[in-house]
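Residue numbers (full-length UniProt numbering): 1 to 389.
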C-alpha cells in the first residue's frame, strides 16, 4: 500500500522494549515484501507468532481438478448463477479460469471460513452481492456489494458471511497494487488517479480473541506453492494489540472509482484499478458516454493481441452485448487470437446514447487463461456463434 497507518498500542520507536501489562514483552512480527526491500508492517503480538504445536498435510483439490487449455480456441460465456451455492470464501471457491499468474474463481457462500493464510500471493475479493466481514491479525473490515477487498500475502484471516454472498476471487502469484502511473515516486496518489487514499478503508482498531478462545490451540489452513498444510498454533493468532506500516488489508468500493470520459470511446487502460504480476484489474462503472457529436458510444471491434480478457458483469445494462445472453452474473472470456466487439446491430442502436449504467470487473491477463472445472460446468455452449446471428 502507498501510505502509512498506525493502529492500536505501539511503543515510541520500533524494535525497543514494549511490555505487556503483566511485565512480559510483546512479540514483534515484521511482515515485509520483496525481502524486506518493499512495503512492510510491524505487528505486536501478546504471544509468540512462531509457536506451533503441529503441522499436517491437507489434500489439495486443485491437484484433482486442474484447469485445462482453452482448446479449441473460442470465446466463452460462463453463467455463474448456474453454479452451486454453499460453503465458505476459502474452501468454496469454484475455479473459472487460471494461468501461472492468477486464478479467477466464483464463490456463492453462506458459511464462515476457516482461518487461512495464503503464502503464494495477494488476493482481491470482489463482493458482488451480500455482506462479508474480513477478520484478520490487522483487525476487521466490513464489506458489501461493490467492494474490492485486498488481502496481502501471508495475512492470517477468515471471512465471516452475514447471510449469503457472491464474490469473484482473484488470487495472484505475487502482489496486487494500485497502478504505478497513479502514484508519485514517494507513493502518494496523484491528482489524475481515479481514486485516492480517502477512498480506501482499512482496519481501524485491533481485533483480539478473548477468553478461552485466545489461549486455545488454533488451526490455520496455509497455502504455499507446494500445496496445503494445516498448522495448529499454540494461541489464537488474533492477538495483535497494535501495528503500523504500509502493508495491510484494505477495501475500495467500485462506486468510488472515478471514470475517465473522452469525446470518443476510450480504451480499457482508462478503467485500470489494480495491477498484478502478469495481469491488470479494471472497473467499468456507470458514466456519461462519449460526447463528440458523431461518437459511436460503445466499444469498437478489437483484438488485444497480448491479452485474454475476462469480464465479470455485476450490474446495469450491457448494450454492446445485448442479445448474446450476457447478463448480471455472467463472465465472458475473450482470448487473444479472437477479435470481439459489439453484438450485431448494437452500434446502430447505441447512437445518440448519453449514459451507460453498466458495472463490470475485468481482468486482462498477459498469458493465456486455461479453463477451470467451474467454467466448463456453467458454460453457455452457443456464445461463440452469437456474432454470426
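Even for Gly, the Cβ is constructed at its ideal location relative to N, Cα and C. Note that this is a predicted model, so its numbers are computed, not measured.
query, result
"Simplified DSSP assignment, three categories, for residue 7", "strand"
"Where the alpha helix (DSSP H) containing residue 117 begins and where it ends", "From DSSP, residue 117 is part of no alpha helix (DSSP H) but of the beta strand (DSSP E) over 116 to 118."
"Own chain residues within Cβ distance below 7 Å of residue 5, not counting five before or after", "202, 244 and 248"
"Contact between the stretch 79 to 94 and the stretch 255 to 274 (3+ Cβ pairs under 8 Å)", "no"
"Spatially closest choice to residue 242 from 94, 179, 220 and 28, by CA coordinates", "28"
"Residue 279 beta carbon less than 8 Å from that of residue 101", "yes"
"Neighbour-count burial assignment, residue 14, 16 or more Cβ in a 10 Å radius", "exposed"
"Nearest neighbour of residue 266, chosen from 284, 232, 351 and 250 [CA to CA]", "284"
"CA nearest to the CA of residue 121, picked from 153, 193 and 144", "153"
"Where residue 271 sits in the DSSP three-state scheme", "helix"
"Nearest residue (CA-CA) to residue 239, options 381, 296, 207 and 69", "207"
"Residue 457 versus residue 237: straight-line alpha-carbon distance, rounded", "In the structure displayed, the chain extends from 1 to 389; residue 457 sits before or after that span and is not available."
"Identified DSSP bridge partners for residue 53", "Residue 53 is not bridged to any residue."
"Residue range of the unbroken alpha helix (DSSP H) whose run includes residue 373", "373 to 377"
"Cα-Cα separation, residue 199 to residue 252", "6 Å"
"Selected residue, minimal CA-CA separation from residue 106, among 115, 84 and 116", "84"
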